[in-house]
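Q: The sequence shown maps to residues 0 to 112 in numbering that gives the first Met the number 0.
From the three backbone atoms N, C-alpha and C, an ideal C-beta is built for every residue, glycine too.
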Amino acid sequence: MTKDYAYRFWTGLFRLLRTEPESRVMENPAAAFAEKAKAGAFDSLSDEEYEAQLNDVEQENALFGYQKFATSYVIMLKALRRLELNDTEMHTLLRILINASVRTDFRKEREVK
0 MTKDYAYRFW
10 TGLFRLLRTE
20 PESRVMENPA
30 AAFAEKAKAG
40 AFDSLSDEEY
50 EAQLNDVEQE
60 NALFGYQKFA
70 TSYVIMLKAL
80 RRLELNDTEM
90 HTLLRILINA
100 SVRTDFRKER
110 EVK
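1) List the residues that DSSP assigns as beta-bridge partners of Thr70.
2) Within 10 Å of its beta-carbon, does Phe63 have 16 or more other beta-carbons around it, so buried, or fewer, so exposed?
3) Tell me the start and end of each unbroken beta strand (DSSP E) in the stretch 22-103 that is at least 3 residues and wholly inside, in chain order.
4) If you draw a straight line from the alpha carbon of Leu82 to that of Ala29, how long is it in whole angstroms?
5) Please check the pair Met25 and Ile95, which I expect to be a contact at CB under 8 Å, by giving their CB distance rounded to whole angstroms.
6) Would you please state the rounded distance, in angstroms, between the beta carbons of Asn98 and Lys67? I believe it to be under 8 Å.
7) How is Lys107 classed by DSSP in three states: helix, strand or coil?
8) Please say whether Thr91 and Phe22 have beta carbons closer to each other than 9 Å?
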């Protein structure tokens, strides 16, 4: 997955999970990509550019289990399980979650801003 696509994937997913009160059904982007490809939307791209975009969509398609729809919770859990994190990265992520947990009262519903 390219860095730009990963940024859009993770920020979009986190934003969705933080603003929606429940898990939301999401549509697999692979179908829209295939429709755009058939319509010639990528004809102006070089082979390398097209392959990079196709690879990004195939990566996300795998998180959907190659199904048309999946819930935001399932996508998040699959993505987290499949991340290749070294010990330093895992500890950094855990430190952020621990610090946020210490200042959070989980008994209260968070206001969405």
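A: Judging by the given coordinates:
1) If you number the sequence shown from 1, residue 70 lands on position 71. DSSP output for Thr70 lists Val24 as bridge partner(s).
2) In the sequence shown, the residue the question calls residue 63 occupies position 64. Here Phe63 is buried: its Cβ has 16 or more other Cβ atoms, across all protein chains shown, within 10 Å.
3) DSSP runs (the beta strand (DSSP E)) wholly in the stretch 22-103: 24-26 and 68-70.
4) Here residue 82 is taken as the residue at index 83 of the sequence shown, counted from 1. Here residue 29 is taken as the residue at index 30 of the sequence shown, counted from 1. Using only the alpha carbons, I get a separation of about 21 Å.
5) Here residue 25 refers to the residue found at position 26 of the sequence shown. Here residue 95 refers to the residue found at position 96 of the sequence shown. For a cut-off of 8 Å, the C-beta gap from Met25 to Ile95 is around 25 Å, too long to register as a contact.
6) Within the sequence shown, numbered from 1, the residue matching residue 98 stands at position 99. Within the sequence shown, numbered from 1, the residue matching residue 67 stands at position 68. Beta-carbon to beta-carbon, Asn98 and Lys67 are separated by about 38 Å, too far to satisfy the 8 Å threshold.
7) In the sequence shown, residue 107 corresponds to position 108, counting from 1. Coil at Lys107, not helix or strand.
8) Your numbering for residue 22 matches position 23 in the sequence shown. Your numbering for residue 91 matches position 92 in the sequence shown. The displayed chain sequence assigns Ser, not Phe, to residue 22. No, Cβ-Cβ distance for Ser22 and Thr91 is not below 9 Å.
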